[in-house]
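Listed in order, the protein sequences are those of chains A, B and C.
All residue numbers for the first sequence refer to the numbering used here, where the first residue is 3 and numbers rise by one.
All residue numbers for the second sequence refer to the numbering used here, where the first residue is 30 and numbers rise by one.
All residue numbers for the third sequence refer to the numbering used here, where the first residue is 105 and numbers rise by one.
We treat Cβ as the ideally placed atom computed from N, Cα and C, and that holds for glycine.
These figures come from a predicted structure and were not determined experimentally.
Since the structure comes first, as structure tokens, the remarks are kept for the end.
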Amino acid sequence: MWGFILRRLLLGIVVLILVSILVFLATQALPGDPARAILGRSATPASLAALRRQLHLDQPVFTQYWTWITGLLHGNLGRSLAAQEPVSTLLAPKLVNSAVLVALAAVLSIPLSIAIGAWAAFRREKAFDQASSNLLLAAAALPEFVVGLVLVILFATTVLHVLPAVSTVPPGSRPWNDWLALVLPTLTLVIAVAPYVARIMRASMIEVLESDYVEMARLKGLPERTVLIRHALPNALGPVFQVIALNLAYLAGGIILVEVVFNYTGIGSATAEAVVNHDLPVIQALAILLAAVYVVLNLLADLATILVTPKLRTQL
Amino acid sequence: MSQVSSDWVADAEIAPPLPVVHGTSLLRRSLRLWRTRIGLALLGLIVLLAIVGPYVAPYGPSTPVGAPNSDPSGKAVLGTDYLGQDVLSRVLYGGRSILVMAVLATALGLVVGIAIGLVAAYSRNALDDTLMRGMDVIMALPSILLALVAVAIVGPHAWVIVAAIALTTVPRIARVTRGTALPIVERDFIAASEAMGVPRWRILSGELLPNCLGPLMVEASLRLTYSIALIAGLAFLGLSPNPNGANWGTMIQQNEIVLAVQPWGAAAPIIVIALLTLGTGLIGDGIARTAAGIDRARGEE
Amino acid sequence: MDGQNIITKPDQARLMTAFETLLLFNENYQLTNNGLAESVTQDSPTQYTIRLRQGIEFQNGKTLTADDVIYSFQRIGTKAYGLTGYAATATMDIAAMKKLDQYTVQLPLKTPDSTVPQTLGSYTFNVVPVGYKAYPAAQVGTGAYKLKSFTPGQQSVHERNPNYWRSGQPYFDTVTIIDYSDSTAQVNALLGGQIDAMTDLPASQVKVVQARGMGALVSKTGGWLPICMAIDIPPFDDVRVRQAMRLIVDRKGMLEQVSSGYGFIGNDLYAPFDPGYDKSLPQREQDIAQAKSLLKAAGKANLAVDLHTTDGAAGMVDTATVFANQAQAAGVKINVINDPNFYGNQYLKLAFSVDFWGTRAYLNQVQQGSLPTSPYNETHWPPKTGTGSNFESLYSQALAETDAAKRTQIMHEMQQAEYNVGGYIIPFFGGLIDGYAANVKGLKPSKGTLNLDSFGHGFRTVWFS
């Protein structure tokens, strides 16, 4: 089993390196002169040359890549073209903001979806199951930015006016300084993620409820509640972890649109802005960052799968 | 949304394979479910709107019909947008671009993905490994990020968006195809065909492919839903081939700021996109349920 | 942060907190002696004398003297620094500036220039202490607020200068300036009470803001968003094409669509508030038929061109979009390109673009954008032959002319050339709209270049009720 883990880890690292090369090469192909883009209206030949030297633009591509990647590993992510600030100082608070949002969404959605899935399985084919299954289907089909906007229309701008339409975190402030502003973006992420976890939980729970183990517990005369919570539930959770990890991985990309909808000051909206502004260094840094998060979480998902499937554990 | 393959599709490594069901009969059977019918109706409605829209729109997409952000009136049934253009007309003009690109991207991804998946399943050797690792690398980036980086570099041209989204579709289709084809490949009648000298491509297309259609249809509808979402999302960020033309995603971006004053400019395209994705989602769900139902029925035989 | 240089609007706001000019423009864009100078007198066509107010101290306690004024001029006049006001120093003989006494400076000119007072009132031509350097060096000026903290690109905090020379002012204890990249976020911050005022309130939000009891400051300014045609690049090198384009524009429609009606229509001429603005030239109207026939005569019946622009100022992209739509009626196909790198490589080499300008007096604007030596000459005006080829010499004459009536005559001649064969399409002058909270008092609509009534004249003339 450990061999397998090591192999997956190595694969993850290889993938990240490949991604970094691809991203770097790709952004090198961007049209236009980055030095001119920075200096814009006030460019003079002397200042252009100086800036090009500062950005290492006069060196061969491989050297530039090496400088960039080693800098990356030391925490130096370059300077943003649009903001004229080091990328790391620019992104650090935004990273915190996004992490808070995702953590909040995770903490809320996981127990909620597990509960929904378990109950739907327990009351299979009855009203709750039918209703929740349809609602979850809708939630899964709708693009998350549409969900976010619908929430804005319902609660902020048009139907009701109880929540803010925009959740910008002012510079120097922290997301928890304005709880109300966090409600809608978190709700949007919860709705985006819940269907998959709930479905898997339901499927898993159904299997467990039909298992001999639970039969035995019932035959022993244990109250249904105990059977459900102490016997069925823990055994059903196995496959759920994989899906949870996969969904958190998905959020690495999902926050981009959601943050833009709510103007949330996180790395998601930073990515969108950087793309629109052709802000090379920021695009590179964020692509690597998000890819790394995605890879790590996928790895955890694989690990979770293996750990909870005895068959695989012994096979490996 | 739709990032995991459908739950009803077995991942060959974990659970026993889905029994073989022929594609067309699956489709016919799934239409018996009310949800598939509703989904098809929704899809049909929105597609019709997108295709026929420009011919029935009361005004052109950029004709000024009143003061910007005015409320619905006799002149403009859904009011005007941020430049004083008719919201209804823009909605009628705004679907073609998204639909065409989404369908193209999904179709392209299907063709390439199926090919790769079949080849990988059939070869069962180093080629299989290489192909699947390649798929892993592509899947190492969240789809939207891949699309964003592609657009950031080359520009928001239609072919770039279609190619990028097709690229993110390929690995998932390949995985599903391979997953369903693998157990079939191991069966005797494949070996028998090979022994008889049936050419490889014949085996792939004649024997393997038809048996993958079930899970593939589910996955394809998931991918279509996701492609629509992604393309609309890119347009919402301002990254579409013709930002000055009418486009549902761009309309949302342009009019989001005035939601409090004139909601229709953004709400109308939102509703339309929502209905479209609900339609494709329902269809996929209908097919999946039918397949699972058949599975359960078979299992009880 | 630099007391004599700006790029963005937050830069403007920050500069206004701490630095001041010798002369001041009031709300009607008229020069007054309310600045640091007690008087600025013209001794001869090539010499001015500046007399400073006495007893003004910089924020570090040092007294404002003639040495500081000379240093300030020298700094702006240093080409290598690339400061905003550099071009205006072309006519000044800064090396020969003389200190007549502690508070008096003599400013000789290389050539006559009647626009010098306007330059002295322009908001980046501030007086800085000897040895002054841009941030991160200490920001010491004569203004009403001292810089307390600054995170570039994000926000800055300024605190009241207790020693400020205008007694009684300012009224706020601190001023915080926050950079927003997104107007949605700004508007919501205003509505939510997180900020007290904002620049460039979108016209669509005026109703929303007023419904909440807040204020929308609508200023009819001379700011303009020209559609620029380079007169030396095909197809715009043919004057008939330029004239056709000017006839395609539906000016009222443009004003309505881009600016929601706030502002007034233009006649392809700038500096509408200058006393020398030529009101006698007939207002151009849309004439598609004439435009089509002009294009046909020029052999460009089904013209297709790219129009470049960017999100540099409110309305730039919308102007391009609406113009492209309007052009369809004349059979002209315009492809709008919204380029984030608009101000990069190709900026002043484009054939067709939409740019933005603030309010200026006529001759100042000519010097900034209509001469071969101008820093921002998008249209590559003036032409080398034919009508308008004497534009540069007319400009020099106007600068040197001391008689106002005669000067106006010359300016009219210059404007006539621009009106007939120039490269600018100026459809309208959109208002500057700003938003402010209900308890903010003292803001007045202003015709000037800066938002929020020149940021409350450096945050001095506004207070909380």
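- Task: Name the two residues that bound the continuous beta strand (DSSP E) containing B:Y84.
- Result: That residue, B:Y84, is in no beta strand (DSSP E); its alpha helix (DSSP H) goes 63-85.
- Task: Report yes if the C-beta distance between B:G124 and B:V287 is below 8 Å; otherwise report no.
- Result: no
- Starting from A:A167, find everything on chain C with Cβ-Cβ shorter than 7 Å and list it in chain order. N292
- Classify A:K96 as helix, strand or coil using the three-state DSSP reduction. helix
- Message: Between the region 126-136 of chain C and the region 213-230 of chain C, can you find at least three pairs of beta-carbon atoms closer than 8 Å?
- Response: yes
- Residue-level contact to chain A via CB, B:G267, 8 Å cutoff: yes
- For C:P114, go through chain A and note every residue whose CB falls closer than 8 Å to its CB, in chain order. Correct list: empty, because the minimum Cβ distance to chain A is about 12 Å.
- Message: Can you pull the chain C neighbours of B:N154, defined as C-beta to C-beta under 7 Å?
- Response: Within 7 Å Cβ-Cβ: nothing; B:N154 doesn't reach chain C, min ~48 Å.
- Message: So that I know if they touch, is there some Cβ in chain B lying closer than 8 Å to that of A:L318?
- Response: Low local confidence applies: a pLDDT of 46 at A:L318 is under 50, so the model's placement there is unreliable, with the coordinate-based value given in what follows. For A:L318, the answer is no, since every Cβ of chain B falls outside 8 Å of its Cβ.
- chain A beta carbons: is any one of them nearer than 8 Å to that of C:T477? no
- Task: Could you tell me which chain A residues have their CB closer than 7 Å to the CB of B:I316, listed as they occur along the chain?
- Result: Here the premise fails: no neighbours, minimum Cβ distance about 13 Å.
- Message: Tell me the DSSP secondary structure of A:S213 in three-state form.
- Response: coil
- Within the chosen definition, does the region 231-244 of chain B reach the region 148-166 of chain B through at least 3 CB pairs nearer than 8 Å? yes
- Message: Tell me the DSSP secondary structure of C:W461 in three-state form.
- Response: strand
- Query: Taking Cβ-Cβ distances below 8 Å as the criterion, which residues of the region 264-290 of chain A are in contact with chain C?
  - Reply: N265, E275, V278, N279, H280
- Query: In chain B, what lies closer than 8 Å to C:E360 by C-beta?
  - Reply: P93, A96, P97, G113
- Query: The beta strand (DSSP E) spanning C:Q259 covers which residue range?
  - Reply: 259-264
- Inspect the CB distances between the region 161-169 of chain A and the region 113-123 of chain A and report whether three or more fall short of 8 Å. no
- Does any CB atom of chain A fall closer than 8 Å to the CB of B:T309? yes
- Message: Out of A:S271, A:V148, A:S22, which one is the CA nearest neighbour of A:A194?
- Response: A:V148
- Task: Alpha carbon to alpha carbon, how far is A:I257 from B:Y255? Give it in angstroms, no decimals.
- Result: 15 Å
- Closer than 8 Å, CB to CB, is A:T228 near chain B or not? no
- At what residue ranges does the region 342-377 of chain C contain a whole run of the beta strand (DSSP E), taking only runs of 3 or more? 367-369
- Item | Short CB-CB distance (under 8 Å) between B:P83 and chain C | no
- Task: Compute the beta-carbon to beta-carbon distance between B:S222 and B:I232, rounded to the nearest angstrom, for a pair I have assumed lies under 8 Å.
- Result: 5 Å
- Message: Considering just the uninterrupted stretch of the beta strand (DSSP E) at C:H412, what are its terminal residues?
- Response: 408-413
- Report the three-state DSSP secondary structure of C:W269 (helix, strand or coil). coil
- Task: Given a cut-off of 8 Å, decide if A:A200 and A:S115 are closer than it, judged by their beta-carbon atoms.
- Result: yes
- Query: Under the three-state reduction of DSSP, which class applies to B:A41: helix, strand or coil?
  - Reply: Note that B:A41 has pLDDT 30, beneath the 50 cutoff, so the model's placement of it is unreliable and no number is given.
- Message: Going by beta-carbon coordinates alone, are A:Y266 and A:L144 separated by less than 8 Å?
- Response: no
- Message: Between which two residues does the beta strand (DSSP E) holding C:M333 run?
- Response: 331-333
- Message: Can you give me the C-alpha to C-alpha distance between A:Y198 and B:L175, rounded to a whole angstrom?
- Response: 23 Å
- Could you check where the alpha helix (DSSP H) with C:N442 kicks off and where it finishes? Unbroken run through C:N442 is the beta strand (DSSP E), 437-442; no alpha helix (DSSP H).
- Relative to the alpha-carbon of C:S497, which residue among C:I514, C:T483, C:D172, C:N481 has its alpha-carbon at the smallest distance? C:I514
- Item | Cβ-based neighbour list, C:V343, same chain, cut-off 7 Å, excluding 5 preceding and 5 following | V525
- Message: I'd like the span of the beta strand (DSSP E) that includes C:L204, first residue to last.
- Response: 202-205
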